[in-house]
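Keeping their order, the protein sequence lines are chains Y and F.
If you read the first sequence in my numbering, its first letter stands for residue 1, the second for the next number, and so on.
If you read the second sequence in my numbering, its first letter stands for residue 1001, the second for the next number, and so on.
No residue lacks a Cβ here, since even glycine has one placed at the ideal position from N, Cα and C.
In what follows, a single structure is set out as C-alpha cells and then discussed.
2 protein chains.
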Amino acid sequence: MTVTTPQGFRAAGVAAGLKSTGAPDMAVIVNDGPLDAAAAVFTSNRCKANPVLWSEQAIRGGTARAVVVNSGGANCYTGPDGFAITHATAETVATELGVGAVDVQVCSTGLIGMLNDRDHVLAGAAEAARKLGTDGGAAAARAIMTTDSHPKNAVATGTGYTVGGIAKGAGMLAPQLATMLVFLTTDAEVTAAELDRALRSATAPTFDRLDSDGCQSTNDTVLLMASGASGVRPDPVEFAEAVRAVCHDLAMQLLGDAEGADHEITIDVRNAASEADALEVGRSVARSNLFKCAVFGNDPNWGRVLASIGTTAAAFDPADLDVALNGVWVCTSSGPGEPPDKVDMGERQVTVEIDLKAGTESATIWTNDLTHAYVHENSAYSS
Amino acid sequence: MTVTTPQGFRAAGVAAGLKSTGAPDMAVIVNDGPLDAAAAVFTSNRCKANPVLWSEQAIRGGTARAVVVNSGGANCYTGPDGFAITHATAETVATELGVGAVDVQVCSTGLIGMLNDRDHVLAGAAEAARKLGTDGGAAAARAIMTTDSHPKNAVATGTGYTVGGIAKGAGMLAPQLATMLVFLTTDAEVTAAELDRALRSATAPTFDRLDSDGCQSTNDTVLLMASGASGVRPDPVEFAEAVRAVCHDLAMQLLGDAEGADHEITIDVRNAASEADALEVGRSVARSNLFKCAVFGNDPNWGRVLASIGTTAAAFDPADLDVALNGVWVCTSSGPGEPPDKVDMGERQVTVEIDLKAGTESATIWTNDLTHAYVHENSAYSS
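Printed below as a string of C-alpha cells:
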C-alpha cells in the first residue's frame, strides 16, 4: 500500500541525525527497472531550494533511477555550500547504486535558511541506499515526515499494474514551508512523455487545488517513476486515472493532517463562466483569514465568503450570488437565505458551495481553518 | 484635533440602539459651507455594501453636505430592504438639515448579512442631526467605532487652513470586514476636482498600503469634505501634503489598533525595477500567514520572507536577495547573513527591509502579525 507496492521498487528510511529527536530523516527510493522513465513537477516559487534546482535539471532527460530525501532541513537559501551538499548527496547514492549522479533526484524538507550537516547527510544517504528493501516503502514514508502527525501512503490498481505513492506535508501546495513532497511509483510500462502527461493531469485537479494556508513552498516536488516491471502497457486513460486517484488520496491525507487544523473545508464553485474563474473564486475564499477563523469558531459567517468573492475578477453579478454552508443555502441572491443557525459546523468536514450563475464550469478547492494551533505551531517552528 | 477642528463643520455622535452594549453607534458630520465640495474613494470590492452603492452615486456631482454613519451593522448583503434603509437614512438627515437626500453620504460598519433595525437607524440619524455641534467631532469619532479599542482623530495645519479627520477600523484597507471608514474635513477653499486629486494622492501611499490581514472590506470609504470657511485658497502641493499627513496619521493609528495584533510590521522594499514590483513584493510578504506567525513568535524567520518574494512576478535574481529584520541583514545574496539571534523582535515595531537589487524604485507596506487574539476575535465575531 505504498511506493514499494508496484513491482521493481525498493526503498528505505533511516535516521541520519538531522532531526534533533533522532527520528528517521533520510529516505531512498530506487527504481530497479527494467524502465527508468520519470516525470516530476516542482514548486513554481521562484526562490527554489537547492534540491529543486538540482532535480529540475537532472530529470530533463525523462529518467531517474532513484530519489534521496532528507527531512530535518530544507537546504533552501543556503547558497553554494547548500548546492554542493545536494550534489554530493546525489553522488553518494549514485555510487552506492552504480548509476550516475544525474540519475538521482534529491529532495529536502524542513527549516529553510539553515545548512544541513554535510557528514550526517552523506552518511545517512549511503546507509539508506544500502538498506533498501522491497518492503521499505513504509519506512521511507515515515522518514520524510516533518510536522506530519502520521505517514501518508496510497495505491491504486490498474489492469495488471499498480500505482503507489507516499507524501509528506503538514501544509499544502501553495503550501506550508514545511514543504509538500510526493513520490509516486508504478510498474506500468510507460514512456517518460506518457508519465509526464499523466502526472500533470493528476496534479492539476488535486495538489494544485489544495491551499491550506496560501503559502507556497520553496521545495515542493511531486515525482513519478515507472519501472515497467509489470510488463503491462496500460490504457492511457486508465493509467492517468490511477495516477490521479493516488494523488487525490494523498492530497486528502495532507488536507486531513494540516498543521493545527480543526476543519477540512471543501469549496465547490459552480456555474462559473470558466474553470479559471471558478478556481480564482475558490482560492480567494480559501485564502480569507477571516472566513477561516469563522470556520474555526463554527460560525456560518457567509458574508465573509461573499466579501472574498468580491475581490476577484471572475464573471458574476454581485447582487445575485448563492452560498451554501454544509448544504444550507444561507445566502441567496446575495442576501440572507436559510437561517444560519440551521448550519451544523461541529463536524470536521465543512462544505462551501458557491453558485456564480455565470456559466457551466466548476472547480473545487480544499483548505483548512485558521486556528490557535496553527498560529502556535508556526510562531514556534524555528525557535 | 478632529473633524470639527476645521471651520465650517459640526458633528455629533449618539446611541441609536444598534449596538447591544448601548454604546454610541450613530454619527453625523455636516459641512456648513460656504462650499460643499467633496470627494471620496470607496472599496474596490465588487460586493459592495448598500451605503457604498448609495454614496458612490450621490457624490458623483462632487458635492456633499453631510455624512451619516452607523456602526453596529454593515448593511451589506441585505438586499433591497437594506438599500431602502440606506436611502431612508439619507432622507431623514436631509430633512433635518433642509438639504436634498443626494447631499447626504451614508456609511455603515459592523456585521454583514444582517438587516439593521430600521426604526432605530432612522430615529438615531434624526437625533444625531439635531445634536450637531462645532465640538462634536470627538463624539462622532467614538460613535463609528466597532472593535477599535479607542477613537482615532488627526489634524494637519496648512497656511491659513486646517485638515481634520477621524477613522475607524480594527482591520485595514484590503482590510477587515469590520470595515475601515475615514472622514476628512477641511476649511480650505478648494474645488471638488482639487479635493479628488488631493484625496487620491493621499490614500494611495497610506491606506492603500495598509494590509493588516489581506481581507478587503465591502464598506470601506474615505470621504473628504471642504467647507471653504477659512476663505483661504491653498497651494495645491501644500494642501495635498496636509491631506496626506492626516491620512498617514490615521493609517498608523489603524495599524496600531489592529485586531489582536502584537506587532506593527513595516515592510520597506527598495531597489525595485518599478514601484508596482515593490508593492507586489511588499504585499506578498504582508499576506504570508507563516511570516506573520513567526513575527508573533518573535522569530526572525527570514526564509519565510524569501519564500513570499518568490511567489511574485517582480524583477529580481532569486539568488541575490538581501533581507534585514530590525536593521540586521540576516539574509545576504539569498543565503544566511548576520546571525538571526542578533535580531530583537521584542518591541511592537518590526521593520523588514528587502533589497531586490533590480532598480531604483521603492515602496512601503504596513501589516500586523497573526496572533492567537486575531484568531479568537475573528472566530467569535458574529456568534
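Residue i, buried or exposed, once every other Cβ within 10 Å from all chains shown has been counted against 16
i	result
residue 231 of chain Y	exposed
residue 1313 of chain F	exposed
residue 263 of chain Y	buried
residue 1173 of chain F	The pLDDT assigned to residue 1173 of chain F is 48, lower than 50, so where the model puts this residue is not dependable; a value taken from the coordinates is nonetheless given after this. Buried: at least 16 other Cβ atoms inside 10 Å.
residue 347 of chain Y	exposed
residue 1335 of chain F	buried
residue 110 of chain Y	buried
residue 1165 of chain F	buried
residue 1130 of chain F	exposed
residue 1379 of chain F	buried
residue 1176 of chain F	At residue 1176 of chain F, the pLDDT of 44 sits below 50, so the modelled position is not reliable; the number obtained from the coordinates is stated separately. With 16 or more other Cβ atoms within 10 Å, it is buried.
residue 1339 of chain F	exposed
residue 426 of chain Y	The question about residue 426 of chain Y has no answer here: the residues shown for chain Y are numbered 1 through 383.
residue 4 of chain Y	buried
residue 178 of chain Y	Low confidence applies here, because residue 178 of chain Y scores a pLDDT of 47, under 50, leaving its location unreliable and the question unanswered by this model.
residue 1234 of chain F	buried
residue 1383 of chain F	Bear in mind that a pLDDT of 41 at residue 1383 of chain F, under 50, signals an unreliable position, so the number given afterwards is only what the model happens to contain. Residue 1383 of chain F is exposed by the Cβ-count criterion.
residue 288 of chain Y	buried
residue 317 of chain Y	exposed
Proximity of residue i and residue j at Cβ, strictly below 8 Å
i	j	result
residue 76 of chain Y	residue 1303 of chain F	yes
residue 1368 of chain F	residue 1212 of chain F	yes
residue 114 of chain Y	residue 73 of chain Y	yes
residue 1351 of chain F	residue 1326 of chain F	yes
residue 83 of chain Y	residue 53 of chain Y	yes
residue 1349 of chain F	residue 311 of chain Y	no
residue 137 of chain Y	residue 2 of chain Y	yes
residue 187 of chain Y	residue 7 of chain Y	yes
residue 1199 of chain F	residue 1041 of chain F	yes
residue 1244 of chain F	residue 1202 of chain F	yes
residue 1251 of chain F	residue 1210 of chain F	yes
residue 66 of chain Y	residue 28 of chain Y	yes
residue 362 of chain Y	residue 257 of chain Y	no
residue 106 of chain Y	residue 86 of chain Y	yes
Within chain Y, partners of residue i - CB distance below 9 Å
i	result
residue 1265 of chain F	Within 9 Å Cβ-Cβ: nothing; residue 1265 of chain F doesn't reach chain Y, min ~14 Å.
residue 1331 of chain F	77 and 113
First and last residue of the uninterrupted beta strand (DSSP E) at residue i
i	result
residue 226 of chain Y	221-226
residue 1354 of chain F	1349-1355
residue 1259 of chain F	Where residue 1259 of chain F is concerned, there is no enclosing beta strand (DSSP E), given that its DSSP letter is neither H nor E.
residue 379 of chain Y	Segment 372-379 is the alpha helix (DSSP H) holding residue 379 of chain Y; no beta strand (DSSP E) there.
residue 1285 of chain F	Here residue 1285 of chain F belongs to no beta strand (DSSP E); instead the alpha helix (DSSP H) covers 1275-1286.
residue 232 of chain Y	No beta strand (DSSP E) holds residue 232 of chain Y; DSSP gives it neither H nor E.
residue 1167 of chain F	1162-1168
residue 1065 of chain F	First-last for residue 1065 of chain F: undefined, no H or E at that position.
residue 268 of chain Y	264-272
residue 1364 of chain F	1361-1368
Chain Y contact residues for residue i, given Cβ-Cβ distances below 7 Å
i	result
residue 1375 of chain F	293, 296, 370, 371, 372 and 375
residue 1349 of chain F	By Cβ distance, chain Y contributes nothing, its closest Cβ being about 18 Å from residue 1349 of chain F, past 7 Å.
residue 1218 of chain F	307 and 310
residue 1153 of chain F	Correct list: empty, because the minimum Cβ distance to chain Y is about 27 Å.
residue 1302 of chain F	113
First and last residue of the uninterrupted alpha helix (DSSP H) at residue i
i	result
residue 1254 of chain F	1236-1256
residue 384 of chain Y	Given that chain Y is displayed from residue 1 to residue 383, the structure contains no residue 384 of chain Y and the question cannot be resolved.
residue 74 of chain Y	Premise fails: residue 74 of chain Y is in no alpha helix (DSSP H) and is neither H nor E.
Under 8 Å from the C-beta of residue i: neighbouring residues of chain F
i	result
residue 334 of chain Y	1047, 1077 and 1079
residue 380 of chain Y	1297 and 1299
residue 213 of chain Y	1289 and 1290
Contacts of residue i in chain Y (Cβ-Cβ under 8 Å)
i	result
residue 1318 of chain F	46, 47 and 48
Interface partners of residue i on chain F, CB under 7 Å
i	result
residue 71 of chain Y	Residues of chain F passing the Cβ test: none, with the nearest at roughly 16 Å.
### Query
In chain order, which beta strand (DSSP E) runs of at least 3 residues are fully inside the stretch 90-153 of chain Y?
104-108
### Task
Within the stretch 1289-1357 of chain F, note down every full alpha helix (DSSP H) run reaching 4 residues or more, in order along the chain.
1289-1296 and 1302-1309
#### Entry: alpha helix (DSSP H) runs wholly inside the stretch 1184-1226 of chain F, at least 4 long, in chain order
1192-1203
### Contained beta strand (DSSP E) runs [length at least 3] in the stretch 20-57 of chain Y, N- to C-terminal order
26-31 and 37-42
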